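Working notes, structure below.
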Amino acid sequence: EGTLDKDLSEKTKDTLVRLKEASKSSPRHIPQLLEGQPLSILTVGRTGAGKSSFNNVLLGFKHDEGPFKTGDGVDSTTPGVQVEEGFLWGDEEKIPLRVIDTQGYEDSKEKNDATIMAKMVDALKKKKAIFHVILFVRSAEDPRMANSEKEFLKLIIKEFHAEVIVNMMINFSHYHHSRE
Numbered sequence: 013e014g015t016l017d018k019d020l021s022e023k024t025k026d027t028l029v030r031l032k033e034a035s036k037s038s039p040r041h042i043p044q045l046l047e048g049q050p051l052s053i054l055t056v057g058r059t060g061a062g063k064s065s066f067n068n069v070l071l072g073f074k075h076d077e078g079p080f081k082t083g084d085g086v087d088s089t090t091p092g093v094q095v096e097e098g099f100l101w102g103d104e105e106k107i108p109l110r111v112i113d114t115q116g117y118e119d120s121k122e123k124n125d126a127t128i129m130a131k132m133v134d135a136l137k138k139k140k141a142i143f144h145v146i147l148f149v150r151s152a153e154d155p156r157m158a159n160s161e162k163e164f165l166k167l168i169i170k171e172f173h174a175e176v177i178v179n180m181m182i183n184f185s186h187y188h189h190s191r192e
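First residue of the sequence shown: 13, per my numbering; consecutive thereafter.
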């Protein structure tokens, strides 16, 4: 059992189960399922993977000009948890979003990933942040999954609940492709 408070955990789990059922029929049903609430996306991943950049684009901004501060150095730029609301791709005709950006693990400032996870859980509790989807952002420049990534995913399952895996997506950032 995770450390997320029981009420918040149950609300998140209930929504995840309902989203799972809705996704079997059609994604068009998701806005009605959310009952006027924005689709809430929690982004996690290694420091420097591109979480903040992706979140900016998701909300319709250029990757380095949105509400989420980005960087290209070895140190993280996201301390703790930052929550922003908007619309998918910045289009008010599309799904309303709540994007939750998190500090990366393997952070040069923080030596223990379990400490980073504990801080993230505490921040989510304080913000009463219910999330529907976990977006695991990883760099495509490193095709192998590091042990630290596996361990961080285990921490996510432990802290929240096994249902999160049903609504977890992986985004490969830093992917360079040829137009040929």
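Even for Gly, the Cβ is constructed at its ideal location relative to N, Cα and C.
As the structure is a computational prediction, the values presented were derived from the model and not from experiment.
Open item on the list: If you measure between the beta carbons of G116 and I107, is that distance less than 9 Å?
Closed with: no
- [ ] Could you round the C-beta distance between M181 and L147 to whole angstroms and report it? I think they count as a contact, below 8 Å.
- [x] 5 Å
Open item on the list: Let me check understanding here. Comparing Cα to Cα, which of I112, K170, K63, S64 lies closest to K139?
Closed with: I112
- [ ] Helix, strand or coil for F148, going by three-state DSSP, please let me know.
- [x] strand
TODO: State buried or exposed for I53, treating a residue as buried only when at least 16 other CB atoms are found within 10 Å of its CB.
DONE: buried
Open item on the list: So, with DSSP's three-state summary, where would you put G72?
Closed with: coil
- [ ] Report yes if the CB atom of W101 is closer than 9 Å to the CB atom of G62, and no otherwise.
- [x] no
TODO: Check the DSSP bridge columns for T55 and list the partner residues they point to.
DONE: D113, L147
TODO: Compute the distance between the beta-carbons of R110 and V95, then report whether it is under 9 Å.
DONE: yes
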